[in-house]
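Chains as they are written, first to last, in the numbering used here: chain A, 162 to 498; chain B, 162 to 498. Notes for the one structure printed next.
Protein chains: 2
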Amino acid sequence: MSKKLGSQTITLAKPVNILSAASTVGPKEGEGPLAKYFDVVLTDILAGENSWELAEAKIAKDTFTMAVSKSNLDLTTIDYILSGDLLNQSISTTFGIKDLNIPFYGLFGACSTMGEGMSLGSMLIDGGFANYILAGASSHFCAAEKQFRFPLELGTQRPPTSSWTVTGQGSVVLSLDGEGPYIKQITTGKIVDMGIKDPNNMGAAMAPAAVDTMIAHFKDTGKNPDYYDLIITGDLGYVGKELVVRLMKENGYNLETNYTDCGIEIFDKNTQDTHAGGSGCGCSATTFCGYYYPKLKSKELNKILFIPTGALMSPTSTKQKQSIPAIAQAVVIESFF
Amino acid sequence: MSKKLGSQTITLAKPVNILSAASTVGPKEGEGPLAKYFDVVLTDILAGENSWELAEAKIAKDTFTMAVSKSNLDLTTIDYILSGDLLNQSISTTFGIKDLNIPFYGLFGACSTMGEGMSLGSMLIDGGFANYILAGASSHFCAAEKQFRFPLELGTQRPPTSSWTVTGQGSVVLSLDGEGPYIKQITTGKIVDMGIKDPNNMGAAMAPAAVDTMIAHFKDTGKNPDYYDLIITGDLGYVGKELVVRLMKENGYNLETNYTDCGIEIFDKNTQDTHAGGSGCGCSATTFCGYYYPKLKSKELNKILFIPTGALMSPTSTKQKQSIPAIAQAVVIESFF
């Protein structure tokens with residue numbers, strides 16, 4: 162039986178195996194420092210489709226299919242897909258998977274979606290409801306900018322705190338079978354709203370949520386940050402990461418040696434002009450699937466705390482002068498059983 | 162241990178109790194045939210707020226809180242909230258619950274969300290991950306019209322196939338404790354897309370998904386429709402219901418005596434001018450919580466198959482001339498253990 166620790170953390174009765182991970186990214190991510198780690202780097206940001214939204218749907222479909230192939234499984238063996246994205250009514254997910262013929266639960270956790278899917282997926286497997294689950298998340302720079310900020314054609318200037326939405330999708334297959342890496346614990350996030358209202362400063366809006374989930378995790382489990390080889394948030398970028406380190410220090414936790422953020426890893430600060438770093442559902446999903454999953458598989462990393470972070474606002478809430486609530490979903494992944 | 166039947170159905174190891182149900186609706190629903198069954202009928206569609214979106218958030222917060230009070234529980238005892246809505250980036254849910262301080266997983270299943278939340282919630286309880294879960298879904302006529310169709314101020318004529326988005330929220334508390342009614346089985350939907358492109362004919366778009374999930378349910382379980390006192394779809398309205406009856410008949414299932422749809426029950430066809438009936442996440446959520454839950458509690462109904470239905474399009478996909486994929490999530494609820 163799984164065990165509830167404290168108020169937000171679950172220790173799975175039996176660690177859930179991440180059988181495979183697949184990633185597809187766009188051209189800009191393919192010019193970044195992690196380029197060689199992704200399975201597919203698109204040369205065409207439209208992926209051969211007629212719109213950015215359909216491009217994201219195609220990337221989602223292809224990456225889910227690739228993850229299943231890498232596990233030497235067939236799509237018909239997958240019990241559930243758990244996934245989502247940033248677009249209104251999650252259309253890149255639903256249009257992407259609509260022909261895959263797999264039972265589906267749609268998720269919305271903004272950029273925390275990969276953590277949400279891995280968490281719920283692990284629980285459904287640990288609870289005996291499924292043998293194989295596909296979890297994933299996607300985003301697309303052009304579709305997201307158009308929807309959340311300004312038409313790209315305007316060439317609007319971006320402030321230094323703004324981040325760059327990653328184009329890409331990351332998918333994992335979860336199962337009780339396999340030889341790791343393993344999902345062992347889950348700390349579910351609560352919504353945190355510190356009153357930040359600037360949609361061009363998502364890092365500052367999301368950092369307190371990441372801190373809230375991390376502190377809950379350490380309190381629930383009795384661990385300290387140095388238990389982990391690496392603590393990896395989703396898409397806080399430079400601004401958010403610095404805030405996390407400072408807020409955690411104020412709470413008595415030292416993150417200075419083993420903490421990073423996918424939004425910092427995926428782009429080169431000096432040459433790629435992304436300002437605060439990468440963001441979007443695809444940021445943590447592709448960076449985990451392409452870069453960190455193989456390091457866990459090869460045991461270069463043995464213990465990570467993976468914390469995708471999501472900003473839960475919409476253009477409507479911003480226009481109505483509302484703040485930006487945020488959430489962070491933490492997953493403990495280890496290379497050994 | 163729970164048991165997987167066929168490819169889409171789970172029989173829970175131990176039936177999950179619906180400890181309480183709460184509902185809030187808007188003024189129009191308060192003039193309909195179910196008015197007296199809802200806990201709260203708003204006289205002000207803004208619920209005292211400054212925008213329709215904030216009104217929906219307030220309704221969500223108040224109804225979740227009411228469901229917890231009805232169970233004689235405290236908000237701090239709730240392990241997870243599983244919920245969602247129709248607005249872009251689910252802002253009525255996230256702004257509604259952000260101060261409740263409860264671990265949260267956001268769902269997007271369009272108008273099938275109540276079924277999705279009850280399904281995932283039951284599995285998390287049956288799997289031993291939670292003692293108490295809040296599941297709910299909301300919609301707001303004005304916020305939905307503005308977002309999906311036209312500004313209300315335009316006074317646009319509505320075609321006869323169009324449905325009327327319900328203003329309201331329905332919430333349930335799920336637990337292993339209690340004396341029923343009980344969730345016993347779950348049939349998870351697959352996305353079905355029959356090529357319908359008219360966003361003013363959601364009933365036709367969603368009917369094939371309802372049929373797909375129903376047929377999967379009957380095949381997986383070996384039951385026939387006459388096993389149930391009532392089969393209740395979410396928001397197909399008159400157009401969709403007729404299609405479901407016809408399509409089911411073509412597949413050898415007779416639904417003529419014990420099948421209805423929440424979109425038909427919630428408004429009066431002759432006096433309320435809603436055309437095809439009610440729709441929206443709140444349609445099935447409020448009708449179940451206000452009207453059917455007490456009938457199960459009193460054993461006036463003993464066995465129902467509840468199937469919230471969702472249309473998975475967005476205004477962007479419609480403008481890009483895409484079809485409307487749909488999904489239906491089925492839950493078996495019985496008055497006895």
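The beta-carbon is built from N, C-alpha and C at its ideal position, and this holds for glycine as well.
Let me make sure I understand the geometry here. Which of the options has the alpha-carbon closest to that of residue i?
i                 : options                                   : result
Asp235 of chain A : A:Asn292, A:Leu207, A:Phe269 and A:Leu215 : A:Asn292
Ser163 of chain B : A:Asp287, A:Lys307 and A:Asn463           : A:Asp287
Asp205 of chain B : B:Trp213, B:Tyr198 and B:Phe199           : B:Trp213
Ile468 of chain B : B:Phe290, B:Glu306 and B:Val405           : B:Val405
Ser324 of chain B : B:Met409, B:Phe265, B:Gly439 and B:Thr418 : B:Gly439
Glu495 of chain A : A:Lys464, A:Ala489, A:Gln483 and A:Ala487 : A:Lys464
Ala446 of chain B : B:Phe302, B:Met279, B:Ser484 and B:Ser478 : B:Met279
Ser283 of chain A : A:Val334, A:Asn233 and A:Val186           : A:Val334
Leu248 of chain A : B:Ser478, B:Lys456 and B:Ile392           : B:Ser478
Val202 of chain B : B:Glu210, B:Lys458, B:Gly209 and B:Val186 : B:Val186
Cys303 of chain B : B:Tyr399, B:Pro194 and B:Ala216           : B:Ala216
Ile294 of chain B : B:Asn262, B:Tyr343, B:Tyr241 and B:Ser332 : B:Tyr241
Leu166 of chain B : B:Lys384, B:Ala305 and B:Ser484           : B:Lys384
Val177 of chain B : B:Pro486, B:Ala487 and B:Ile344           : B:Ile344
Thr238 of chain A : A:Ser244, A:Gly245, A:Thr328 and A:Thr226 : A:Thr226
Lys480 of chain B : A:Asn211, A:Gly191, A:Ile376 and A:Gly395 : A:Asn211
Tyr389 of chain A : A:Phe428, A:Glu277, A:Thr382 and A:Leu466 : A:Leu466
Met409 of chain B : B:Pro386, B:Leu207 and B:Asp422           : B:Pro386
Lys259 of chain B : B:Gly245, B:Gly270, B:Ala271 and B:Gly193 : B:Gly245
Cys442 of chain A : A:Tyr414, A:Gly289 and A:Gly395           : A:Gly395
Gly398 of chain B : B:Glu426, B:Arg407 and B:Met375           : B:Glu426
Tell me the residue span of the alpha helix (DSSP H) that contains residue i.
i                 : result
Ser496 of chain A : Careful: Ser496 of chain A lies outside any alpha helix (DSSP H) and carries neither H nor E.
Tyr343 of chain A : Here Tyr343 of chain A belongs to no alpha helix (DSSP H); instead the beta strand (DSSP E) covers Tyr343 to Thr348.
Lys402 of chain A : Gly398 to Glu411
Leu285 of chain A : Thr274 to Asp287
Ala446 of chain B : Cys442 to Thr448
Ser475 of chain B : Unbroken run through Ser475 of chain B: none, as it is neither H nor E.
Pro455 of chain B : Tyr454 to Lys458
Start and end of the beta strand (DSSP E) containing residue i?
i                 : result
Ile468 of chain A : Lys464 to Ile468
Phe265 of chain A : Phe265 to Gly267
Thr421 of chain A : Tyr420 to Asp422
Ser300 of chain A : Tyr293 to Ser300
Ala487 of chain B : Ala487 to Ala489
Leu166 of chain B : Lys164 to Leu166
Just to make sure I have the definition right: I need the residues of chain A whose C-beta is within less than 7 Å of the C-beta of residue i. Which are they?
i                 : result
Lys259 of chain B : Ile352, Asp354 and Pro486
Pro360 of chain B : Chain A residues near Pro360 of chain B: none, gap ~11 Å exceeds 7 Å.
Ile171 of chain B : Phe290
Thr255 of chain B : Ile352, Leu473 and Pro486
Tyr343 of chain B : None at all; the shortest Cβ gap to chain A is about 17 Å.
Run through chain B and tell me which residues come within less than 9 Å of residue i, C-beta to C-beta.
i                 : result
Asp287 of chain A : Gly288, Gly289 and Phe290
Ser163 of chain A : Gly288, Gly289 and Phe290
Asn262 of chain A : Lys351 and Ile352
Thr394 of chain A : None at all; the shortest Cβ gap to chain B is about 18 Å.
Using a cut-off of 8 Å between C-beta atoms, extract the partners of residue i located in chain A.
i                 : result
Leu248 of chain B : Ser475 and Thr477
Can you pull the chain B neighbours of residue i, defined as C-beta to C-beta under 8 Å?
i                 : result
Phe269 of chain A : Gly245, Gln250, Ser251, Gly267, Leu268 and Phe269
Gln508 of chain A : Past the boundaries of the shown model lies residue 508 of chain A; chain A is included only from 162 to 498, so the question cannot be answered.
Met284 of chain A : Met284, Leu285, Gly288 and Phe290
Gln481 of chain A : Asn211, Ser212, Glu214 and Leu215
Glu277 of chain A : Tyr266 and Gly267
Tyr241 of chain A : Thr349
Closer than 7 Å by beta-carbon distance: list the chain B residues that pair up with residue i, in chain order.
i                 : result
Leu281 of chain A : Tyr266 and Leu281
In chain A, which residues lie with their C-beta within 9 Å of the C-beta of residue i?
i                 : result
Tyr454 of chain B : Those do not exist, as Tyr454 of chain B stays about 23 Å from chain A at its closest Cβ, beyond 9 Å.
Tyr399 of chain B : Those do not exist, as Tyr399 of chain B stays about 24 Å from chain A at its closest Cβ, beyond 9 Å.
Tell me the start and end of each unbroken beta strand (DSSP E) in the region 187 to 215 of chain A that is at least 3 residues and wholly inside, in chain order.
none
Okay, do the region 474 to 481 of chain A and the region 249 to 257 of chain B touch, 3+ Cβ pairs below 8 Å being the bar?
yes
Check: Unbroken alpha helix (DSSP H) runs of length 4 or more, entirely within the region 320 to 392 of chain A: which are they?
Finding: 363 to 382
When you compare the region 444 to 457 of chain B with the region 171 to 184 of chain B, are there three or more beta-carbon pairs, one atom per stretch, that lie closer than 8 Å? yes
*asked:* I'd like the ranges of any beta strand (DSSP E) spanning at least 3 consecutive residues and lying wholly in the region 221 to 256 of chain A.
replied: 241 to 246
Requested in this report: Report yes or no: do the region 357 to 366 of chain A and the region 319 to 334 of chain A share at least 3 C-beta pairs separated by less than 8 Å?
Outcome: yes
Okay, do the region 297 to 317 of chain A and the region 167 to 174 of chain B touch, 3+ Cβ pairs below 8 Å being the bar? no
Three Cβ pairs or more, each shorter than 8 Å: is that satisfied between the region 333 to 350 of chain A and the region 262 to 276 of chain B? yes
Checklist entry - Taking contact to mean at least 3 C-beta pairs separated by less than 8 Å, is the region 411 to 425 of chain B in contact with the region 478 to 493 of chain B? => result no
Exercise for review: With 8 Å as the C-beta to C-beta threshold (strictly closer), list the residues of the region 179 to 201 of chain A near chain E in chain order.
Suggested key: Structure shown: chain E not included; protein chains present are A and B.
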